[in-house]
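Chemist: Mind looking over this structure? Questions follow.
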Amino acid sequence: MQFIIEINLVILIVSVFTRLMFLVLNPHERVATFFRKTALINLVIEFFFNLLALCVLISCCTLVSSVFALSSEFQYILYLSVVSVIVHFYSYFFYYTIDTYLNKKKEITELFSEANLVNRNISVYEYDDKEFNAYSTGVFSNTRQILFSKKLYELLNKEERYGIIMHEVAHFQHHDLLKRYMLQVGLTIVFAFCMYSANQSDIIDEYLLTAIMGGLYGGLNVTLVGLISKKQEHVADLFSLHSTGKPYVIDALKRMNTATQGLLNKKSLSYPTLDERIQFIKKHSRT
């Protein structure tokens with residue numbers, strides 16, 4: 001039981017530090033969120049949300065194990081499956097939702113008919129932020145939102161906003177958030193199982209094993225999620241192009257790049273550069 005608790009705490013800590021790594025090393029995320037006080041508040045909420053969930057999880061799993069007299073192997077599988085789902089749940093399904101509640105926002109009805117947002121059950125909001133940013137949040141049909149920072153909304157013209165909206169619609173259509181969530185759940189289960197197996201063999205000191213596996217897990221997590229995120233951005237750009245009939249999304253990104261002194265052409269962990277996005281659109285719009 002003690003080792004299971006240690007593994008869960010490592011997963012919890014690594015998940016929070018992984019987000020910090022994205023914020024610090026990813027120029028797009030850093031400008032969009034890192035210097036907002038809401039991002040720091042959200043990180044604190046995320047840590048204690050997961051810590052509370054972890055305590056409840058351990059109690060419930062212990063009760064289930066005793067009631068059904070599960071073997072140690074089945075107990076461990078039960079712990080792994082539940083903790084991997086809970087630890088990443090906040091960061092994917094609550095993080096940006098709470099972020100919007102911490103900022104003032106107002107609903108935007110412009111382009112509702114063009115983007116068919118009513119039938120897609122998607123709302124669009126402008127929120128009070130001094131940075132250039134737009135993102136989608138919500139997995140369930142009644143929670144889907146596309147959010148523009150006030151500064152970005154005022155920067156773009158109507159066609160460019162349309163391009164960005166359809167880019168974000170693509171993420172909903174393709175279930176991109178859910179795919180990344182399931183990837184991280186799977187990685188967490190594999191990591192914890194490998195850690196448990198290595199500990200059972202007594203090949204390496206328990207604390208050294210925890211440090212090594214925690215580092216490997218964090219690095220692999222950031223790398224794989226980043227690669228998939230880049231692919232999803234390319235596909236969303238292409239979806240926007242096909243939906244609008246014009247490269248409005250690229251026009252919007254170019255305008256954002258100029259306004260941010262070339263930020264979108266800097267290397268990022270989870271976003272392709274502006275030049276890479278333009279080349280992808282040119283290549284695939286001809287096929």
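Residue numbers for the sequence shown follow the numbering used here, beginning at 1 and rising by one. Every residue gets a Cβ at the ideal spot worked out from N, C-alpha and C, and that includes glycine.
List the whole-angstrom C-beta distance separating residue 234 from residue 277, where the pair is believed to meet the contact cut-off of C-beta under 8 angstroms.
Modeler: Taking the sequence shown and counting its residues from 1, the one referred to as residue 234 is at position 234. Taking the sequence shown and counting its residues from 1, the one referred to as residue 277 is at position 277. About 7 angstroms; that satisfies the 8 angstroms criterion.
Chemist: Taking DSSP as the reference, what is the three-state secondary structure of residue 288?
Modeler: Given a span of 1 to 287 for the chain in the structure shown, any question on residue 288 remains unanswerable.
Chemist: With the cut-off set at 8 angstroms, would you say residue 147 and residue 127 are in Cβ contact?
Modeler: Mapped onto the sequence shown, residue 147 falls at position 147. Mapped onto the sequence shown, residue 127 falls at position 127. With contacts defined as CB atoms closer than 8 angstroms, residue 147 and residue 127 qualify as a contacting pair.
Chemist: For residue 137, which residues does DSSP report across the bridge?
Modeler: The sequence position of residue 137 within the sequence shown is 137, counting from 1. For residue 137, the beta-bridge partners assigned by DSSP are 145.
Chemist: What's the C-alpha gap between residue 34 and residue 112?
Modeler: Start at 1 with the first residue of the sequence shown, and residue 34 comes out as number 34. Start at 1 with the first residue of the sequence shown, and residue 112 comes out as number 112. Because residue 34 sits at a pLDDT of 44, beneath the cut-off of 50, its placement in the model cannot be relied upon, and the following sentence gives the value as read from the coordinates. Computed Cα separation, rounded: 31 angstroms.
Chemist: Between which residues of its own chain and residue 236 is the CB-CB distance below 7 angstroms, once the five residues before and five after are set aside?
Modeler: Locating residue 236 in the sequence shown gives position 236, where the first residue counts as 1. Cβ neighbours of residue 236 beyond the five flanking positions: 167, 170 and 171.
Chemist: Does the Cβ-Cβ distance between residue 297 and residue 164 come in under 8 angstroms?
Modeler: In this structure the chain extends from 1 to 287, so residue 297 is not present and cannot be described.
Chemist: Should residue 215 go down as buried or exposed, given a rule of 16 or more other Cβ atoms within 10 Å for buried?
Modeler: The residue given as residue 215 occupies position 215 in the sequence shown. Result: exposed.
Chemist: How would you call residue 229, buried or exposed, if buried means at least 16 neighbouring beta carbons within 10 angstroms?
Modeler: Along the sequence shown, read from residue 1 onward, the residue named residue 229 stands at position 229. With 16 or more other Cβ atoms within 10 Å, it is buried.
Chemist: Sorted by chain position, which residues of the same chain lie with C-beta nearer than 6 angstroms to residue 284's C-beta, five sequence neighbours on each side aside?
Modeler: The residue labelled residue 284 in the question sits at position 284 within the sequence shown. Closer than 6 angstroms at the Cβ level, and outside the excluded window around residue 284, lie 238.
Chemist: Which residues share a DSSP beta bridge with residue 197?
Modeler: Translated into the one-based positions of the sequence shown, residue 197 becomes position 197. Paired residues: none, contrary to the question.
Chemist: Note the first and the last residue of the continuous beta strand (DSSP E) segment covering residue 127.
Modeler: Mapped onto the sequence shown, residue 127 falls at position 127. First-last of the beta strand (DSSP E) with residue 127: 123 to 127.
Chemist: Does the beta-carbon distance from residue 258 to residue 132 come in below 8 angstroms?
Modeler: As a first step, residue 258 must be located in the sequence shown, where it is residue number 258. As a first step, residue 132 must be located in the sequence shown, where it is residue number 132. No, the Cβ-Cβ distance between residue 258 and residue 132 is not below 8 angstroms.
Chemist: Are there 16 or more other CB atoms within 10 angstroms of the CB of residue 264, so buried, or fewer, so exposed?
Modeler: As a first step, residue 264 must be located in the sequence shown, where it is residue number 264. Under this definition residue 264 is a buried residue.
Chemist: What residues in its chain sit with their C-beta under 7 angstroms from that of residue 31, if we drop five residues either side in the sequence?
Modeler: The residue given as residue 31 occupies position 31 in the sequence shown. Residue confidence is low: residue 31 scores 46 on pLDDT, short of 50, so the model does not pin down where it sits. No coordinate-derived value is stated.
Chemist: What number of angstroms, rounded off, separates the C-alpha of residue 193 from the C-alpha of residue 185?
Modeler: Start at 1 with the first residue of the sequence shown, and residue 193 comes out as number 193. Start at 1 with the first residue of the sequence shown, and residue 185 comes out as number 185. Computed Cα separation, rounded: 12 angstroms.
Chemist: Output the distance between the C-alpha atoms of residue 110 and residue 280, rounded to the nearest integer angstrom.
Modeler: Numbered from its first residue, the sequence shown carries residue 110 at position 110. Numbered from its first residue, the sequence shown carries residue 280 at position 280. Spanning the two alpha carbons is a distance of roughly 29 angstroms.
Chemist: Quick check: the Cα distance between residue 124 and residue 213, rounded to an integer number of angstroms?
Modeler: For the purposes of this step, residue 124 is identified with residue 124 of the sequence shown, where counting begins at 1. For the purposes of this step, residue 213 is identified with residue 213 of the sequence shown, where counting begins at 1. Taking the straight line from one Cα to the other gives about 41 angstroms.
Chemist: CA-CA distance, residue 273 and residue 256?
Modeler: Here residue 273 refers to the residue found at position 273 of the sequence shown. Here residue 256 refers to the residue found at position 256 of the sequence shown. Using only the alpha carbons, I get a separation of about 12 angstroms.
Chemist: So what does residue 233 bridge to, in DSSP terms?
Modeler: In the sequence shown, the residue the question calls residue 233 occupies position 233. DSSP output for residue 233 lists no bridge partner at all.
Chemist: If I follow the unbroken alpha helix (DSSP H) through residue 131, where does it start and stop?
Modeler: As a first step, residue 131 must be located in the sequence shown, where it is residue number 131. Per DSSP, residue 131 belongs to no alpha helix (DSSP H) and is neither H nor E.
Chemist: State the beta-bridge partners of residue 107 as determined by DSSP.
Modeler: The sequence position of residue 107 within the sequence shown is 107, counting from 1. DSSP, once it has assigned bridges, lists 125 as partnering residue 107.
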